[in-house]
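For reference, the structure discussed in these notes is given below.
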Amino acid sequence: MEDIRMVDQKAPYARLKSELDAAFSAAMASMGETDGQLVKSFGMKLGRYLNIEHVFPCASSADALKIALLAQDLPAEAEVIVPAFGPAAGAEAVKLLGLKPVFADVLPETYMIDPSAVAKAVTPATAAIMPVHLFGQCAPMQELIAVAKQHHLWVVEDTVQSLGAVYVGPEGREVKAGTMGHIGVFSFFPPKAISDPGDAGAVMTNDARLSDKIRDILQINQSAAAEIRSAAVDSRMDVLQAAMLEVKIKYLDEYHAARQEVARFYDNAFAETELVQAPHRVPYSSHIYQQYAITVAPELRDGLQEHLRAHHIPSVIYYPLPLHLQDTFAYLHYKAGDLPVAERLSKCILSLPMHSELKEDQLTYICQHVLEFVKRHR
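54 is the number of the first residue of the sequence shown in my numbering; add one for each residue after it.
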């Protein structure tokens with residue numbers, strides 16, 4: 054059996070080597086260009102894939118989050134509601150821009166922001182909601198958009214883990230994650246299904262006015278108005294990143310299908326016991342499995358991870374401390390017990406190896422050791 058990796062970037066590269074090498078040569082040949090045609094070309098391909106009008110590739114997803122918030126002209130110290138469980142980047146961007154993150158609890162089955170908790174968190178100072186499409190599945194956007202419309206709030210979709218996930222809306226209409234709110238943000242940082250050699254991202258919208266604002270923010274232009282210059286973000290995706298991503302996006306759905314097959318294997322193996330909770334799949338969304346996150350009893354989680362490590366099986370804890378209890382947000386004065394679902398998840402969730410290159414013997418070995426441990430310690 055081959056060594057088990059949490060992610061595998063080498064095998065997909067080997068399969069696409071001839072195309073990626075040609076893309077590399079094209080990128081090197083374009084280095085003297087100043088209008089970024091390769092970057093524009095990738096942006097157009099991404100827009101067609103997502104069926105969205107305006108796409109702006111940028112240097113990182115962190116920049117994309119800042120740009121998305123700046124484009125809305127939110128007043129100083131306006132509140133932005135974010136999930137308490139998940140990546141910190143969105144809340145950190147809110148804080149960095151002088152806005153106030155407000156944490157809402159999450160749903161116990163999907164780990165994503167709870168619309169009822171969002172509704173309770175709205176105050177007169179609330180300006181936006183930032184749902185995260187976590188681990189590869191869509192947040193409950195119909196309910197979240199309804200709350201946003203009721204209170205006249207912006208919706209910024211953090212889609213850094215769910216590029217290509219499909220949301221089934223009212224009347225069966227299918228749309229891609231990141232295209233339902235006012236503005237969406239993506240990441241191509243490894244180990245995403247398609248990634249670049251660096252930390253590129255993208256911000257996108259169907260709103261023409263927001264598109265103009267984003268363009269102004271990205272365009273470092275000394276002749277621009279002072280308020281635009283003060284909000285400018287020098288964030289350019291380089292041509293090599295764009296060239297590589299333009300090749301890989303053609304195969305994105307194939308990678309998703311392979312990850313879904315891996316997830317089915319895990320699902321079937323863990324169906325035999327209630328001691329391991331496989332990721333819940335909602336009827337309104339596809340799941341691209343950026344992570345395959347199981348939950349076990351809190352008293353078993355750390356021991357299970359150590360057991361897997363002893364048998365050369367990698368795993369990762371996403372996320373070991375909910376955001377509202379992290380030191381960086383201590384000034385907001387949340388305390389333990391305020392958001393109980395997020396707090397419990399942080400103690401019982403564990404992500405297993407997930408990528409398109411996992412083999413059946415590897416998966417059998419992983420599942421065998423997970424089940425062996427939880428049954429022995431129940």
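From the three backbone atoms N, C-alpha and C, an ideal C-beta is built for every residue, glycine too.
Check your understanding: Is it right to say K63 is buried, meaning 16 or more other beta carbons lie within 10 angstroms of its own, or is it exposed?
Key -> So K63 counts as exposed.
**Study point:** Proximity to V135 [Cα-Cα], best of P375, H422, M407 and L416
**Key:** V135 has its Cα closest to that of P375, out of P375, H422, M407 and L416.
Exercise for review: Can you tell me which of the three DSSP states D211 falls into?
Suggested key: Under the three-state reduction of DSSP, D211 is assigned to strand.
Point to revise | Segment limits, alpha helix (DSSP H) that includes K98 | key: Taken as a continuous stretch (DSSP letters only), the alpha helix (DSSP H) holding K98 covers Q90 to L103.
Check your understanding: Run through DSSP, which three-state label would C420 get?
Key -> Residue state, collapsed to three classes: helix.
**Study point:** Cut-off 7 angstroms between Cβ atoms - residues of its own chain near A172, not counting five sequence neighbours on either side
**Key:** Setting aside the 5 residues that flank it on each side, A172 is surrounded in the same chain by V200, each with a C-beta closer than 7 angstroms to its C-beta; the list follows chain order.
Check your understanding: Are the beta-carbon atoms belonging to M297 and A117 less than 7 angstroms from one another?
Key -> Result no, Cβ atoms of M297 and A117 do not sit closer than 7 angstroms.
**Study point:** Within the stretch 101 to 127, ranges of the beta strand (DSSP E) (whole runs, at least 3 residues)
**Key:** 107 to 111, all fully within the stretch 101 to 127.
Check your understanding: Exposed or buried, E372, counting other C-beta atoms within 10 Å across all chains shown (16 or more means buried)?
Key -> Sequence inspection shows Tyr at residue 372; the Glu mentioned does not correspond to that position. Buried, by the Cβ-count rule.
Practice item. With I347 as the anchor, note down where its beta strand (DSSP E) starts and where it stops. Key: DSSP places I347 inside the beta strand (DSSP E), whose first and last residues are Y345 to T348.
**Study point:** Supposed contact pair L122 and L152 - C-beta distance, whole angstroms, cut 8 angstroms
**Key:** Right, their Cβ atoms sit about 7 angstroms apart.
Review point. Using a Cβ-Cβ cut-off of 6 angstroms (strictly less than) and excluding sequence neighbours within five positions of E196, which residues of its own chain qualify?
Key: Contacts found: P168.
Check your understanding: Is Y345 closer than 7 angstroms to Y308 when the C-beta atoms are compared?
Key -> With respect to the 7 angstroms criterion, Y308 and Y345 are not classified as neighbours on the basis of their beta carbons.
Practice item. Write down the C-beta distance between I105 and N259 rounded to the nearest angstrom, noting that I regard them as a contact closer than 8 angstroms. Key: Contact between I105 and N259 holds: their C-beta atoms lie close to 6 angstroms from each other, under 8 angstroms.
Check your understanding: Measuring CA to CA, which of R431, V369, A67 and Y337 is closest to R226?
Key -> When R431, V369, A67 and Y337 are compared, the shortest CA-CA separation from R226 is found for Y337.
Check your understanding: Are there 16 or more other CB atoms within 10 angstroms of the CB of H386, so buried, or fewer, so exposed?
Key -> Of the residues assessed, H386 falls on the exposed side of the cut-off, its CB having fewer than 16 other CB atoms within 10 angstroms.
**Study point:** C-alpha gap between I402 and A180, whole angstroms
**Key:** Going by C-alpha positions, I402 is about 31 angstroms away from A180.
Review point. Unbroken alpha helix (DSSP H) runs of length 4 or more, entirely within the stretch 162 to 242: which are they?
Key: Whole alpha helix (DSSP H) segments, 4+ residues: 168 to 174 and 194 to 204.
**Study point:** G100 versus R289: straight-line alpha-carbon distance, rounded
**Key:** C-alpha separation (whole angstroms): 17 angstroms.
Check your understanding: Does DSSP put E72 in a helix, a strand or coil?
Key -> E72 falls in the helix class under three-state DSSP.
Review point. What did DSSP end up calling S283 once you bin it into helix, strand or coil?
Key: Its pLDDT being 49, under 50, S283 is placed unreliably by the model, and the measurement read from it follows with that caveat. S283 falls in the helix class under three-state DSSP.
Practice item. Determine, using beta carbons only, whether Y342 and M257 come nearer to each other than 7 angstroms. Key: Cβ distance not < 7 angstroms, so Y342 and M257 don't count as in contact.
Review point. The alpha helix (DSSP H) with E396 in it runs from where to where?
Key: Residues P393 to C401.
Check your understanding: According to DSSP, is A255 helix, strand or coil?
Key -> Reduced to three states, the DSSP call for A255 is strand.
Check your understanding: CB D158 to CB A174, shorter than 7 angstroms?
Key -> Against a cut-off of 7 angstroms, the Cβ pair of A174 and D158 comes out as no contact.
Check your understanding: Taking the continuous beta strand (DSSP E) assigned at E132, which residues delimit it?
Key -> According to the DSSP assignment, E132 belongs to the beta strand (DSSP E) that extends over E132 to P136.
**Study point:** Endpoints, the beta strand (DSSP E) within which V155 is located
**Key:** Where V155 is concerned, the enclosing beta strand (DSSP E) stretches over K153 to A157.
Point to revise | Per DSSP, the bridge partner or partners of S338 | key: Under DSSP, the beta-bridge partners assigned to S338 are Y220.
Practice item. Grab me the residues of I281's own chain with a C-beta within less than 6 angstroms of its C-beta, minus the 5 sequence neighbours each way, in chain order. Key: Because I281 sits at a pLDDT of 43, beneath the cut-off of 50, its placement in the model cannot be relied upon, and the point is left open.
Check your understanding: In this structure, what does DSSP give as the bridge partners for L385?
Key -> In the DSSP assignment, L385 forms no beta bridge with any residue.
**Study point:** Host alpha helix (DSSP H) of E264 (start-end)
**Key:** In the sequence under discussion, the amino acid at residue 264 is Ser, which differs from the Glu named in the question. Membership of S264 in the alpha helix (DSSP H) is indicated by the continuous run A261 to L271.
Check your understanding: Which stretch, first to last residue, makes up the alpha helix (DSSP H) that contains R317?
Key -> For R317, the enclosing alpha helix (DSSP H) stretches over residues L305 to F323.
**Study point:** Other residues of its chain near K98: CB distance less than 6 angstroms, five sequence neighbours each side excluded
**Key:** Closer than 6 angstroms at Cβ, skipping near neighbours: E299 and I302.
Practice item. Please report the residue range of the alpha helix (DSSP H) in which V292 lies. Key: DSSP places V292 in the uninterrupted alpha helix (DSSP H) bounded by V292 to K301.
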